[in-house]
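For what it's worth, the working numbering labels the leading residue of the sequence shown as 2, then goes sequentially. C-beta atoms are modelled at their ideal positions from N, C-alpha and C, and glycine is treated no differently. Every value quoted in this text rests on a predicted model; they were computed, and no experiment measured them.
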Amino acid sequence: MRRYLNQRGIRDEVLDYCVQLGILYESAPYHNAVFVGMDEQGHARYAFLRGIYDNRGKSFRMEQEGSEKQYSFCVPPLGKSCRVAVYEACIDALAHMTLEGNADKYRLSLGGVAAPKEGIRQNVRKMKVPDALEHFLKQHPEVTEIEICTDHDFAGRWACEQLKEHYEKEYAVFCNLPPIEGADYGDLAKQAWGKQQKQQRERGR
């Protein structure tokens with residue numbers, strides 16, 4: 002698991018932090034990376050499984066049966082924080098944490114977003130408010146800022162606009178999508194890791 006996530010650009014310090022908190026582990030016998038969501042008492046209520054072996058460019062992904070979406074994967078800060086950053090996927094939260102190099106805010110996975118198809122009028126329907134974010138905010142009244150870190154594609158931009166519109170009256174809302182069109186923070190972390198590996202190989206010549 003560690004090697005796979007390292008190759009996705011996620012640093013050991015981030016992995017160690019999550020493993021120590023009990024929110025990330027490798028399952029047996031299939032060796033999936035398991036991202037765990039806890040309730041207020043520290044009990045596991047949600048799990049997302051991601052295969053560490055790619056099959057023709059695709060890896061196994063699924064929510065564990067019985068998972069409760071409102072307790073989605075969340076990386077807590079080292080200390081107190083008034084901000085939560087929200088992502089479409091668990092791995093994006095870890096990737097962004099690696100890129101920023103800090104644990105100064107909550108990082109919450111929404112478990113995906115359900116957006117209309119591109120080309121359909123965006124005002125056809127409103128986005129269903131994510132259970133994970135709604136529950137998180139109820140449990141953390143100290144949080145006053147929401148940082149939206151969805152993917153920089155049609156679905157991610159749509160979700161960002163919808164979330165901002167829904168929450169901006171009660172919270173300070175910031176849109177912080179990846180700067181590259183079509184990318185997520187997992188892509189950026191992987192690119193940064195690849196560049197670092199190339200530089201190390203060149204220095205070793």
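If you draw a straight line from the C-alpha of residue i to the C-alpha of residue j, how long is it?
i, j, result
"D185", "A156", "12 Å"
"H141", "L6", "29 Å"
"K139", "R51", "28 Å"
"Q21", "Q197", "26 Å"
Over what stretch of residues does the beta strand (DSSP E) that includes residue i continue unbroken?
i, result
"G38", "N33 to M39"
"R52", "The identity of residue 52 in the sequence shown is Gly, whereas the question assumes Arg. Segment A45 to G52, the beta strand (DSSP E) holding G52."
"A104", "First-last for A104: undefined, no H or E at that position."
Between residue i and the rest of its own chain, which residues show a CB-CB distance below 7 Å, the 5 nearest in sequence each way excluded?
i, result
"H1", "Only positions 2 to 206 of the chain appear in this structure, which leaves residue 1 out of reach."
"E182", "H153"
Taking Cβ positions, are residue i and residue j nearer each other than 8 Å?
i, j, result
"A133", "L100", "no"
"Q71", "A48", "no"
"E89", "L111", "yes"
"E137", "C75", "In the sequence as displayed, the identity of residue 137 is Phe instead of Glu. In this structure, C75 lies closer than 8 Å to F137 by Cβ."
In chain order, what residues of the same chain have a beta carbon less than 8 Å from the beta carbon of residue i, not counting five sequence neighbours either side?
i, result
"M128", "V114, A115, A116, W159, A160, Q163, L164 and H167"
Can you give me the start and stop residues for the alpha helix (DSSP H) that residue i sits inside?
i, result
"V20", "D13 to L22"
"F155", "F155 to Y168"
"F137", "D132 to Q140"
"A115", "Element bounds for A115: n/a, residue is neither H nor E."
Can you confirm whether the stretch 162-169 touches the stretch 181-196 when touching is taken to mean that 3 or more C-beta pairs between the two stretches lie within less than 8 Å? no
Three or more C-beta pairs under 8 Å: does that hold for the stretch 94-114 against the stretch 26-34? no
Assess, as a yes-or-no matter, whether the stretch 75-86 is touched by the stretch 137-150 under the definition of 3 or more beta carbon pairs within less than 8 Å. yes
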